[in-house]
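Asker:
Protein chains: 2
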Amino acid sequence: MATPIDPTSAAFLLTENRNMPMHVGGLQLFEKPEGAGRNYTRELFEQMRDVDEVSPLFLKHPYRSVRTGGQLTWREDAQFDIEHHVRHSALPKPGRIRELLELCSRLHGTRLAWERPLWEAHVIEGLRDGRVALYTKTHHALVDGVSAMRLLQSVLSTDPDERDMPAPWGQAAGTRSRKKKSNDLVLSEAPMTALRSALGITAEAAGMPSALIKTITKGVRNETSSLSLHAPRTLFNQSITGSRRFAAQDWPIERLRAIGKATGTTLNDVVLAMCSGAMRTYLLELDALPEAPLVAMVPVGLNAKQSQIASADGGNAIGSVMVQLATDVHDPGKRLQKIHNSMRDGKQALSSMTPVQIMAMSALGQAPAIIAPMLRMQGIVRPPYNLIISNVPGPRTTHYWNGAKLVGTYPLSIPINGMALNITCTSYDGNMMFGLTGCRRTVPHLQRLLAYLDQELTALEKAAGV
Amino acid sequence: MATPIDPTSAAFLLTENRNMPMHVGGLQLFEKPEGAGRNYTRELFEQMRDVDEVSPLFLKHPYRSVRTGGQLTWREDAQFDIEHHVRHSALPKPGRIRELLELCSRLHGTRLAWERPLWEAHVIEGLRDGRVALYTKTHHALVDGVSAMRLLQSVLSTDPDERDMPAPWGQAAGTRSRKKKSNDLVLSEAPMTALRSALGITAEAAGMPSALIKTITKGVRNETSSLSLHAPRTLFNQSITGSRRFAAQDWPIERLRAIGKATGTTLNDVVLAMCSGAMRTYLLELDALPEAPLVAMVPVGLNAKQSQIASADGGNAIGSVMVQLATDVHDPGKRLQKIHNSMRDGKQALSSMTPVQIMAMSALGQAPAIIAPMLRMQGIVRPPYNLIISNVPGPRTTHYWNGAKLVGTYPLSIPINGMALNITCTSYDGNMMFGLTGCRRTVPHLQRLLAYLDQELTALEKAAGV
């Protein structure tokens with residue numbers, strides 16, 4: 001019944017502490033279908049709770065076995081209690097998005113106990129606009145953020161009339177996606193194992209990820225000029241506490257794309273420019289903007305041939321680029337251009353790396369939470385980068401779960417010591433959705449960044465003349 | 001900064017596991033004052049959260065220090081985050097008492113993490129009758145159930161117009177009650193230490209509570225005939241899981257008192273008869289009623305001279321009586337009479353005990369959760385009793401917190417292995433409030449006991465001719 005935990009997962013479990021819970025989250029917003037009754041949310045909750053069989057991934061919990069010499073093992077929870085994991089909650093009045101984000105911040109700031117399987121899902125009612133929210137929390141030892149979002153998406157359908165759809169943790173979920181073989185949304189336990197392997201391939205060979213670390217350190221510090229950028233110290237690069245603040249908002253992709261077209265930059269460049277401008281305003285207001293520009297670590301998609309790694313969907317792997325955010329530049333248009341150039345240089349440097357280096361960078365991109373503590377980021381004078389900004393493409397069309405229309409999906413990620421803010425974006429159905437996760441104490445008034453992102457988008461439109 | 005944890009508290013921490021969280025809870029219901037605005041609950045939550053200074057009891061958390069050789073110590077939480085402890089929640093629709101009890105069951109079934117101070121308070125809105133609920137959770141290593149309820153009551157006032165009243169965890173709370181010196185409601189940290197001492201006096205002398213256990217075992221098994229009752233095995237006396245179900249309801253004390261008057265029995269006898277009848281019906285329905293009558297352990301008030309122990313309020317100490325519940329008797333009137341006789345015999349036996357025996361019984365009454373695992377109740381063939389039924393007198397008059405009228409107060413206690421159901425009653429403002437806490441899996445449909453309690457009260461009224 002007990003199976004050994006692979007070194008990468010074990011490392012996520014062992015580096016975790018009160019100040020750094022190692023779980024990823026997701027917030028989904030659904031619109032009720034036409035003619036939904038007053039008990040709709042309760043029924044939706046019951047559908048999610050009353051699954052026929054729970055997928056093995058959601059049944060196992062870590063266990064330090066005496067028999068295996070104190071090693072961490074996975075063990076099926078003999079007393080598995082679905083009611084502990086799937087919960088029905090409600091928002092206090094007035095039920096604005098603010099109350100929803102407060103609840104998600106609180107839920108995201110509480111650690112998962114090892115004595116039970118490492119996940120929770122909360123069906124949340126009480127939004128005054130009548131929408132239903134779903135907050136899910138999964139330990140990074142089970143899935144990474146991208147996989148968690150894909151797993152959730154794998155149970156969705158483009159058909160608003162489809163019913164009897166399984167919950168993401170239902171046994172049928174994996175089966176269903178294997179049957180469907182849809183290209184962008186497949187994720188069952190098998191591919192997740194593949195993803196893990198891609199991550200831990202060097203690590204597992206060495207028994208511990210030390211070889212991986214060595215490669216990364218080399219890459220970050222010396223190998224290529226664009227990778228050895230110097231990041232200034234900022235308030236984001238401090239030790240953190242266990243308090244979390246989550247902020248989320250979305251903007252039409254068309255607006256971002258129009259800026260890109262007019263300026264010859266990519267969608268991702270515009271996302272980075274928005275973040276850059278917002279952080280500049282935020283830090284200026286706190287009188288804490290460093291003279292040197294901030295550096296973001298940006299995971300990017302890589303061609304499979306380049307990377308020689310198979311990842312979850314059997315297609316592209318992920319590498320990481322260090323991008324100078326030009327936060328020292330006042331003019332939004334010029335800032336966007338500088339970011340574009342830095343990103344281009346970084347990508348070129350990346351494609352000239354060896355497969356092993358790219359794989360190491362890939363692991364760094366997908367597992368920043370674990371790599372950083374190993375680099376002893378806390379102790380080093382200069383952080384290699386100031387924050388991670390990810391942009392994960394999602395489905396382009398409207399999706400449904402048992403008739404409920406998915407209208408928003410926002411990732412909650414893992415702030416760590418030295419990296420108190422994390423920005424993850426995902427595109428869905430014509431909108432770019434920003435999820436900002438930070439330590440509430442280290443990054444005060446984090447939610448203000450949303451207003452600054454909005455301001456910056458307008459400023460970029462003006463600069464681009466659109 | 002680190003202070004040693006006394007052996008009794010340490011034992012509560014160390015006997016705890018996933019299936020037996022060692023926290024006590026309280027559920028309070030408040031009516032909003034006249035003219036309360038729509039943001040009333042939020043303001044009440046903010047008053048509770050924004051305390052000037054938090055009492056030391058609520059700032060410390062257990063810590064295994066390397067410096068003290070792995071011993072458990074109390075340490076102040078350097079990163080204390082009140083927002084983690086005081087929370088604003090809401091009920092899903094339709095916001096009945098049922099939804100409230102479901103939320104409390106869920107909250108009560110989750111362990112407090114040692115890495116933070118061992119308490120939580122949830123201000124809950126969304127009851128459709130407009131009342132506001134407060135669920136509090138405190139580890140038994142900090143306070144026992146009676147003290148926890150008294151602490152909550154200590155911040156209340158009989159004056160509906162009084163404002164600027166502190167939260168129970170506010171520093172002012174202790175100060176205030178010390179100033180007031182009101183007889184029945186005083187409880188600051190000092191008396192709590194006294195209470196602990198009363199509990200742990202033998203225990204501390206021995207370094208571990210083994211001497212205490214020895215005395216208790218002797219008392220329970222051999223010393224007095226009324227203490228060596230044989231309790232049958234029931235479904236309540238099994239190993240439990242970590243799932244909790246809480247059920248609560250109240251009845252006018254006048255109805256109970258009228259039965260007592262007509263039959264020459266006490267209020268407590270009537271409470272026990274209600275419980276007995278309800279459990280008989282419950283077990284009959286499950287075809288699980290044993291032939292031999294169930295035995296309850298009932299904590300009773302003792303005269304200070306008898307007990308020679310000073311307790312919390314400097315007045316009475318508490319001893320425990322084993323009472324035969326006559327669940328084998330069909331007739332409600334005869335059952336009440338048998339319970340009355342058994343209670344009388346038990347009290348007589350108790351008053352003939354030596355002070356040390358009474359003190360041991362006292363500890364047993366106040367700390368059943370810890371004593372039972374030490375008696376290895378799980379392993380013994382016959383449990384010494386089937387459940388604990390406590391009846392803790394509360395204030396007789398209406399109390400308020402910053403204008404909010406307290407209309408209900410229900411204790412949530414600790415089910416343990418071998419003792420899956422716990423009934424705690426408290427009187428307040430003319431009502432007898434029953435709180436039933438059990439393991440949801442071991443005691444199925446626990447909430448049915450409420451209906452059976454109601455039936456039994458009616459049957460007793462009929463039998464008594466009132």
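Chains as they are written, first to last, in our numbering: chain A, 1 to 466; chain B, 1 to 466. In this text, a Cβ means the ideal position worked out from N, Cα and C, and glycines have one as well. Because the structure is a prediction, the values reported are computed rather than measured.
Starting from the N-terminal side, write out each stretch of the beta strand (DSSP E) that is 3 residues or longer and does not extend beyond the stretch 30-95 of chain B.
Answerer: 60-64, 72-76 and 86-90, all fully within the stretch 30-95 of chain B.
Asker: Excluding the five sequence neighbours on either side, which residues of its own chain have a C-beta within less than 7 Å of the C-beta of Pro293/A, listed in chain order?
Answerer: So the list reads Gln324, Leu325, Ala326, Thr327 and Asp328, once near-sequence residues are dropped.
Asker: Between the beta-carbon of Phe246/A and the beta-carbon of Leu421/A, is there less than 8 Å?
Answerer: No; because the gap between Cβ atoms is not below 8 Å, this pair is not in contact.
Asker: For my contact list, Ala262/A and Gly465/A are in at a C-beta cut-off of 8 Å; report their separation, rounded to the angstrom.
Answerer: Confirmed, Cβ separation roughly 6 Å.
Asker: In this structure, does DSSP put Glu120/A in helix, strand or coil?
Answerer: Of the three classes helix, strand and coil, the one that applies to Glu120/A here is strand, per DSSP.
Asker: Flag Arg128/A as yes if its beta-carbon sits less than 8 Å from any beta-carbon of chain B, otherwise no.
Answerer: It does not; no Cβ of chain B falls within 8 Å.
Asker: Check the Cβ of His88/A against every Cβ in chain B and list those closer than 7 Å, keeping chain order.
Answerer: Residues of chain B passing the Cβ test: Pro92.
Asker: Excluding sequence positions up to five away, which residues of its chain have a Cβ less than 6 Å from the Cβ of Asn402/A?
Answerer: Taken in chain order, the residues that qualify are Arg163 and Met165.
Asker: Find the residues of chain B that neighbour Asp81/A, judging by a C-beta separation of less than 9 Å, and give them in chain order.
Answerer: Ordered by position in chain B, the residues that pass the 9 Å Cβ test against Asp81/A are Gly109, Thr241, Gly242, Ser243, Arg440 and Arg441.
Asker: Ordered along the chain, which non-local residues of its own chain (more than five positions away) have a Cβ less than 6 Å from that of Ser105/B?
Answerer: Within the same chain, Ser105/B has close Cβ partners Arg244, Arg245 and Phe246.
Asker: With a CB to CB cut of under 8 Å and the five nearest residues on each side skipped, what residues in its chain are close to Pro252/A?
Answerer: Excluding sequence neighbours, Pro252/A sits near Gly430, Asn431 and Met432.
Asker: By the criterion of Cβ-Cβ separation under 9 Å, what are the contact partners of His84/B in chain A?
Answerer: Arg106, Gly109, Thr110, Gly242 and Ser243, listed in chain order.
Asker: Would you call Gly35/B buried or exposed, if buried means 16 or more other Cβ atoms sit within 10 Å of its Cβ?
Answerer: It is exposed - the Cβ of Gly35/B has fewer than 16 other Cβ atoms within 10 Å.
Asker: Measuring straight from C-alpha to C-alpha, what distance separates Gly277/B and Phe434/B?
Answerer: Those two C-alpha atoms are separated by around 14 Å.
Asker: Quick one: which chain B residues come within Cβ less than 9 Å of Ala113/A?
Answerer: Here the neighbours are Arg18, Thr110, Arg111 and Ala113.
Asker: Straight-line CA distance for Glu16/A to Pro117/A?
Answerer: Each residue's Cα considered, the two are about 16 Å apart.
Asker: How far does the beta strand (DSSP E) with Ile423/B in it reach, from first residue to last?
Answerer: Residues Leu421 to Tyr428.
Asker: Quick one: what's got a C-beta closer than 6 Å to Ile124/B's C-beta in the same chain, skipping five residues either side?
Answerer: So the qualifying residues of the chain are Ser89 and Ala133.
Asker: Let me confirm a value: Ser239/B is counted as buried when at least 16 other C-beta atoms fall within 10 Å, else exposed. Which label applies?
Answerer: By the neighbour-count rule (16 or more Cβ atoms within 10 Å), Ser239/B is not buried but exposed.
Asker: Listing by chain order, which chain B residues have their CB less than 8 Å from the CB of Glu125/A?
Answerer: Pro92 and Lys93, listed in chain order.
Asker: Using a beta-carbon distance cut-off of less than 9 Å, what residues from the stretch 29-63 of chain A approach chain B?
Answerer: Taking 9 Å as the Cβ-Cβ cut-off against chain B, the residues of the stretch 29-63 of chain A that qualify are Arg38, Asn39, Thr41, Arg42 and Phe45.
Asker: Report the rounded CA-to-CA distance for Ser65/A versus Pro411/A, giving the unit in angstroms.
Answerer: Each residue's Cα considered, the two are about 34 Å apart.
Asker: In this structure, does DSSP put Glu125/A in helix, strand or coil?
Answerer: It is a strand residue.
Asker: Starting from Ala468/A, follow its DSSP beta bridges and name the residues at the other end.
Answerer: The shown model of chain A, from 1 to 466, leaves out residue 468/A, and the question about it has no answer.
Asker: Contact between the stretch 21-29 of chain A and the stretch 107-114 of chain A: three or more CB pairs below 8 Å?
Answerer: The answer is yes - the stretch 107-114 of chain A touches the stretch 21-29 of chain A, with three or more Cβ pairs under 8 Å.
Asker: Check whether the stretch 390-405 of chain B and the stretch 143-160 of chain B are in contact - that is, three or more C-beta pairs closer than 8 Å.
Answerer: In short, these stretches touch, since the Cβ pair count reaches three.
Asker: Verify whether the separation of the beta carbon atoms of Thr281/A and His340/A is less than 8 Å.
Answerer: No, Cβ-Cβ distance for Thr281/A and His340/A is not below 8 Å.
Asker: Which value, in whole angstroms, describes the spacing of the CA atoms of Ala258/B and Arg396/B?
Answerer: Computed Cα separation, rounded: 17 Å.
Asker: From the DSSP secondary-structure annotation, give me the bridge partner or partners of Phe434/A.
Answerer: According to DSSP, Phe434/A bridges with Gln249/A and Cys425/A.
Asker: Given Leu286/A, which residues of its chain have a CB within under 8 Å of its CB, disregarding the five upstream and five downstream residues?
Answerer: Contacts found: Leu235 and Pro444.
Asker: For Leu446/B, name the three-state secondary structure that DSSP assigns.
Answerer: Coil at Leu446/B, not helix or strand.
Asker: Under 6 Å Cβ to Cβ from Thr41/B, same chain only, skipping five residues before and after it: list those, please.
Answerer: Within the same chain, Thr41/B has close Cβ partners Glu125 and Val132.
Asker: From this set, Lys137/A, Gln71/A and Tyr452/A, which residue's C-alpha is nearest Ala113/A's C-alpha?
Answerer: Residue Lys137/A is the option with its Cα nearest to Ala113/A.
Asker: Of the residues Ser342/B, Ser427/B, Gln447/B and Leu436/B, which one's Cα is nearest the Cα of Ile388/B?
Answerer: For Ile388/B, the nearest C-alpha among the options comes from Leu436/B.
Asker: Starting from the C-beta of Gly25/A, find all residues in its chain whose C-beta is less than 6 Å away, skip the five residues before and the five after it, and write them out in chain order.
Answerer: His108, Lys137 and Leu412, listed in sequence order.
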